[in-house]
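Asks: This is the structure, below, for whatever I ask next.
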Amino acid sequence: MKLELRGITKRFGAMVANDNVNLIALPGEIHCLLGENGAGKSTLMNVLYGLYQSDGGEILLDDKVVKFSGPGDAMAAGIGMVHQHFMLIPVFTVAENVILGHEPTKFGGLLDLEAARAKVREVSAKFGFEIDPDAIVGDLPVGVQQRVEIIKALIGDAKVLIFDEPTAVLTPQETDELMAIMKQLRAAGTAIVFITHKLREVQEVADKITVIRLGKVVGEADPKSTANELASMMVGRAVDLDVEKAPAKPGQPTFKVEGLSAWSHAGTKVLDDISFEIHEGEILVIAGVQGNGQTELTEAIIGMHGKTAGSIQLDGRELIGKNVKQVLDLGVGFVPEDRTEDGLVAEFTIAENLMLDRSDRKPFAKGLNIQIEFLKKFASEKLKQFDIRAQGIESKASQLSGGNQQKVVLARELSRELRLLVASQPTRGLDVGSIEFVHEQIVATRDSGIPVLIVATELDEATQLGDRIAVMYKGMIVGIVPSSTPRATLGQMMAGISA
Amino acid sequence: MKRVLKEFTTGNALLSVLAVLASFIVGGILIAISSPEVQTTVTYIGARPADFFQALWNSVFGAYDAMFRGAVFNYKAHDGVQMIKPITETLAYATPITMAGLGLAVAFRSGLFNIGGTGQIIFGAMFAGWVAIYVDLPFYLHFPMAVLAGVIGGGLFGALVGFLKATTGANEVIVTIMFNYIAVLLLSYLLKTPVLQAPGSINPVSLPVHDSAKYWFFMGDQFRVHGGLIAMLIAVVFTWWLLNRSTLGFRFRALGHNPNAAKVAGINIGLTYVLVMGISGALAGLAGTSQVLGTEKFLTLGVAASFGFDAITVALLGRSNPWGVLVAGILFGGLRAGAVTMQANQNVPIDIVLVVQSMIVLFIAAPPLVRAIFRLKESKREVTA
């Protein structure tokens, strides 16, 4: 089935999320929709899927105009969507999840689970998925859960499949497997729209590339383009994706973690006997698939994790047993992975956010009085120094783009006297320009002789930014290797196989 | 719950004004419906419509006119004292309501839903009352000591809630509601035992407070407004300073808006809970002192009246902004003072005022409703860069 979007326009108030967008997806073709976060990719797909009504333009299936008033219509017309965040019910089995919404019934209106199982087996066999229809979805690995989503779409008889940022939660191996599945589907004649901002994936599978920027199609790209060419098109100016940094000049190992273990509230071990050290002027990247103990490790370092054992030493001083304030006061800078949740107070102004961790001391406070004048001066300086694009220091954090929010967090953390910088996924969800800036700041911090710990889930970031890479899997460190280690090896380590 | 609180503390002032306006309109409709004249004339509206509209106007205008004369200025009175008495009555009622409202505003801005105004007012009144009745000192020591005792009483009772939340994770809404019962029943018990009951009395009433511990009745004894009014204004300025200019208030607001970020920034969450509730309770305790050392002059079961709950509405109506709370507090004082005249002069049930107050809460709690009524557009978020 041929899908065509013609002149789609979608506005939210004064903001134009999609401006006259055209796109054609043909059967047996993978069409990549490439654009930065916030470029309007997801809006476009939500229009297509019937979740939003467009303000202009039309959708055509096999050259016939169709109108979708909801996802139900879209599904009935043969459009399937694999969502970024899975729409699955974890306590249901695979078969139950797959039939949800169009349950087959037998005599008397009873649920016909046997028919559902058979369907799952059929699709699963066709594409070599090896999925047990009776497995509980919550127990399955993320990559397999995604296949359940794909099966769900295929059982609905989808002729057009939309993949919305499908690789964000996958290991490199799982990503490779997904790419293989997409190629298989292509061979079977499905039209695929693949939404992503990851250039490597685009280069691997795309037959056609449409680049979208600020809601507008900026053009089609040749699938053989280089990563830098694609990125430049996506951002609208020349970019250099490589992190520029001189070789590290490591000094003393001032940050040492020894035999660190931690337990969750429920009592399960989330960190298992972790040991590593970081030298002054060195970046150590903790690589691994999300959810393998990285969050707990950073929490343990800054004193937010409850049950811990072992030792974390900075400049010879023990951090375990200290509270967050004491740890920060010893010179630990912390960039949390979720900046809106843990890094900023959205309703506070930029200035207020900049003094969040030092509101109780000089020069920000004198006695109980906030030093407004000093704060204004300080905030204006940081605004300039960190190139925070905002109307002024009184702009609220919630009004800033992700990149500018992260700059506020960095400005706050880097303007203290640091002895260690811990940054968790510091470029998550940022646009290319901001990523460059954040990377520069981190490298500059390293070059000033501070040990830096970065948590990264994307291999490219790990290898480019890190001087050494420690790979985590299930709460353990699989190995610590130089950043020149081949991707394949790192990928295996992320799956728990030590090098 | 958190989202509701956020809506209350960040919504704009215009919505508050419109909510009040809408409530008065609903109140007017109810006054008309409940008026016997309107009910009679409507039966022959076809024959003599003028009668009906005359009755309608008389009932609604008459009621609100009476309210104005009871709350602001009685232009029908014969002497000056009686003419300005209404506004002083309004201020007398507004004093404790605003003080307690400020306390609740501090808690709301910090993300804590303090429903314990009543209990904290009672504790303030009990502490202040005890010092004012049983301690004998010259006024320059006695009065400050009594007020301080009340502030400490309310503060401790509030801080205890914060302590329970910090150590056990107890929900402050439930704890404060239960603490209201504890305070009411404890007061009731103490007023029947020699601890507070007036010797020889069979009623649950204390001895009157010593003159040396009373607020200053600066307009003389024929008016009920007293020095608590000055204390209230000081409290407004203090609360403004606390929330907007002090490091403590900065941490309170950080906690209120985003406890996670506050924690990551090294703010001691547990201690902050205790401080927030302590200050919130202290301001409610101040309201208690205004009652026992001012308006009432002795302790009774009704010392907190309905001020604890009025204060919640006032804090919400004032968007938890100290100046907004002041305006809302005076409005509520006026509603209370005016209701009495309205009932006496126009036979309008005092409950109409309660309905108006409740409608205000309802309209504030449902901004989309107010927007729909007044055809306002939803305020859009400004996006930069």
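Heads up: the sequence lines are chains A and B, in that order.
Under the working numbering, the first residue of the first sequence is numbered 1, with each subsequent residue one higher.
Under the working numbering, the first residue of the second sequence is numbered 1, with each subsequent residue one higher.
Using N, Cα and C, we set each Cβ at its ideal position, and we do this for glycine too.
Keep in mind the model is a prediction, meaning the values are calculated, not measured.
#1: First and last residue of the alpha helix (DSSP H) that includes Ala13(B)?
#2: Which of the three DSSP states, helix, strand or coil, is assigned to Pro336(A)?
#3: Which chain A residues are close to Ser246(B), counting only those with a beta carbon under 7 Å from its beta carbon?
#4: Under the three-state reduction of DSSP, which class applies to Ser379(B): helix, strand or coil?
#5: Quick one: residues in its chain with C-beta nearer than 8 Å to the C-beta of Val26(B), no 5 flanking neighbours on either side, listed in chain order?
#6: Tell whether a beta-carbon distance below 8 Å holds between Leu260(A) and Val335(A).
#7: For Met15(A), count the other beta carbons within 10 Å of its own beta carbon; 16 or more makes it buried, fewer makes it exposed. Which is it?
#8: Can you tell me where the alpha helix (DSSP H) with Ser434(A) in it begins and where it stops?
#9: Looking at the secondary structure, which residues open and close the beta strand (DSSP E) in which Tyr75(B) lies?
#10: So that I know if they touch, is there some Cβ in chain A lying closer than 8 Å to that of Ala170(B)?
#11: Using the beta-carbon of each residue, which ones in chain B are nearer than 9 Å to Pro172(A)?
#12: Shortest alpha-carbon distance to Leu476(A) belongs to which of Lys67(A), Leu271(A) and Leu344(A)?
#13: Can you tell me whether DSSP reads Ile350(B) as helix, strand or coil?
#14: Rounded to whole angstroms, what's the CA-CA distance from Arg358(A) to Phe364(A)? Just pull it up for me.
#15: Give a yes or no on whether 8 Å exceeds the smallest Cβ distance from Gly343(A) to chain B.
#16: How would you list, in chain order, the residues of chain B whose beta-carbon sits under 9 Å from the beta-carbon of Lys325(A)?
#17: Name the chain B residues whose beta carbon is nearer than 7 Å to that of Ser500(A)?
#18: Who pairs with Asn18(A) in a beta bridge, going by DSSP?
#19: How long is the line joining the alpha carbons of Leu160(B) and Val274(B), rounded to whole angstroms?
#20: Run through the stretch 156-218 of chain B for me and flag every whole beta strand (DSSP E) of 3 or more residues, listed as ranges in chain order.
#21: Given a threshold of 16 other Cβ atoms within 10 Å of its Cβ, counted over all protein chains shown, does Ile374(B) qualify as buried or as exposed?
#22: Inspect the CB distances between the stretch 210-222 of chain B and the stretch 290-297 of chain B and report whether three or more fall short of 8 Å.
#23: Compare the C-beta of His210(B) against all C-beta atoms of chain A and say whether one is closer than 8 Å.
#24: Among all the DSSP beta bridges, which residues are the ones paired with Gly56(A)?
#25: For a contact meaning CB atoms closer than 8 Å, what does Phe255(A) contact in chain B?
#26: Hey, how far is the Cα of Glu36(A) from the Cα of Asp431(A)?
#27: Under 6 Å Cβ to Cβ from Tyr93(B), same chain only, skipping five residues before and after it: list those, please.
#28: At a Cβ threshold of 8 Å, is Pro426(A) touching chain B?
#29: Can you grab the Cα-Cα spacing for the pair Glu381(A) / Gln184(A), in whole Å?
#30: I'd like to know if Pro336(A) contacts chain B, where contact means its C-beta is closer than 8 Å to some C-beta of that chain.
#31: The alpha helix (DSSP H) that contains Gln326(A), what's its start and end?
#32: With three or more C-beta pairs closer than 8 Å as the rule, is the stretch 168-184 of chain B touching the stretch 115-130 of chain B?
#33: So with CB distances below 9 Å, who are the chain B contacts of Ala346(A)?
#34: So, at 8 Å on beta carbons, what are the nonlocal neighbours of Arg253(B) in its own chain, with the 5 sequence-adjacent residues on each side left out?
#35: Are the C-beta atoms of Ala17(A) and some chain B residue less than 8 Å apart?
Replies: Based on what the coordinates show:
#1: Here residue 13(B) corresponds to residue number 13 of the second sequence, with the count starting at 1. Ala13 to Ser34 is the extent of the alpha helix (DSSP H) around Ala13(B).
#2: By 1-based counting over the first sequence, the position of residue 336(A) is 336. In the structure shown, Pro336(A) sits in coil (DSSP, three-state: anything other than H, G, I, E or B).
#3: Your numbering for residue 246(B) matches position 246 in the second sequence. Leu368, Asn369 and Ile370, listed in chain order.
#4: Position 379 of the second sequence holds residue 379(B). Confidence at Ser379(B) is low in this model, with a pLDDT of 48, below 50, so its placement is unreliable and no value can be given for it.
#5: Sequence index remark: in the second sequence, residue 26(B) carries index 26 (1-based). Taken in chain order, the residues that qualify are Val355, Val356 and Met359.
#6: One-based indexing of the first sequence puts residue 260(A) at position 260. One-based indexing of the first sequence puts residue 335(A) at position 335. Result no, Cβ atoms of Leu260(A) and Val335(A) do not sit closer than 8 Å.
#7: Taking the first residue of the first sequence as 1, we reach residue 15(A) at position 15. Met15(A) is exposed by the Cβ-count criterion.
#8: As a first step, residue 434(A) must be located in the first sequence, where it is residue number 434. Unbroken alpha helix (DSSP H) run through Ser434(A): Val432 to Asp447.
#9: Position 75 of the second sequence, counted from the start, is the residue given in the question as residue 75(B). Note, Tyr75(B): premise wrong, no beta strand (DSSP E); not H, not E.
#10: Counting from 1 along the second sequence, the entry for residue 170(B) is found at position 170. Not closer than 8 Å to any Cβ of chain A, the Cβ of Ala170(B) fails to qualify, so no.
#11: Against the first sequence, residue 172(A) aligns to sequence position 172. What Pro172(A) touches in chain B: nothing, since even the nearest Cβ is about 30 Å away.
#12: Sequence index remark: in the first sequence, residue 476(A) carries index 476 (1-based). Strictly speaking, residue 476(A) in this sequence is Met, with Leu absent from that position. Closest by alpha carbon: Leu271(A).
#13: Counting from one through the second sequence, the residue named residue 350(B) turns up at place 350. Coil.
#14: As a position in the first sequence, residue 358(A) is number 358, starting the count at 1. As a position in the first sequence, residue 364(A) is number 364, starting the count at 1. Roughly 7 Å between the two C-alpha positions.
#15: Working through the first sequence from its first residue, we reach residue 343(A) at position 343. Cβ-Cβ to chain B under 8 Å: yes for Gly343(A).
#16: Taking the first residue of the first sequence as 1, we reach residue 325(A) at position 325. Here the neighbours are Ala265, Gly266, Ile267 and Asn268.
#17: Lying before the first or after the last residue shown, residue 500(A) is absent from chain A, which here runs from 1 to 499.
#18: Here the question's residue 18(A) lines up with position 18 in the first sequence. BP columns for Asn18(A) point to Lys10(A).
#19: Residue mapping note: residue 160(B) aligns to position 160 of the second sequence, counting from 1. Residue mapping note: residue 274(B) aligns to position 274 of the second sequence, counting from 1. Taking the straight line from one Cα to the other gives about 7 Å.
#20: none
#21: As a working mapping, residue 374(B) is identified with position 374 in the second sequence. The sequence given here has Phe at residue 374(B), not Ile. Classification for Phe374(B): exposed.
#22: yes
#23: Translated into positions along the second sequence, residue 210(B) becomes position 210. Output row for His210(B): interface = no.
#24: Within the first sequence, the letter at position 56 stands for residue 56(A). Answer is Thr9(A).
#25: Counted from its first residue, the first sequence places residue 255(A) at position 255. Result: empty, since nearest Cβ-Cβ is about 19 Å, beyond 8 Å.
#26: Residue mapping note: residue 36(A) aligns to position 36 of the first sequence, counting from 1. Residue mapping note: residue 431(A) aligns to position 431 of the first sequence, counting from 1. Answer to the nearest angstrom: the Cα atoms are 6 Å apart.
#27: Taking the second sequence and counting its residues from 1, one reaches residue 93(B) at position 93. Gly333, Arg336 and Ala337.
#28: Counting from 1 along the first sequence, the entry for residue 426(A) is found at position 426. Not closer than 8 Å to any Cβ of chain B, the Cβ of Pro426(A) fails to qualify, so no.
#29: The count along the first sequence starts at 1 and reaches residue 381(A) at position 381. The count along the first sequence starts at 1 and reaches residue 184(A) at position 184. In a straight line, the C-alpha of Glu381(A) is about 55 Å away from that of Gln184(A).
#30: Within the first sequence, the letter at position 336 stands for residue 336(A). True, the Cβ-Cβ gap to chain B drops below 8 Å.
#31: Along the first sequence, one-based indexing puts residue 326(A) at 326. Per DSSP, Gln326(A) belongs to the alpha helix (DSSP H) from Val324 to Asp329.
#32: yes
#33: Locating residue 346(A) in the first sequence gives position 346, where the first residue counts as 1. Correct list: His257, Asn258 and Ala261.
#34: Working through the second sequence from its first residue, we reach residue 253(B) at position 253. Correct list, in chain order: Arg109, Ser110 and Leu243.
#35: Locating residue 17(A) in the first sequence gives position 17, where the first residue counts as 1. It does not: the Cβ of Ala17(A) has no partner Cβ on chain B nearer than 8 Å.
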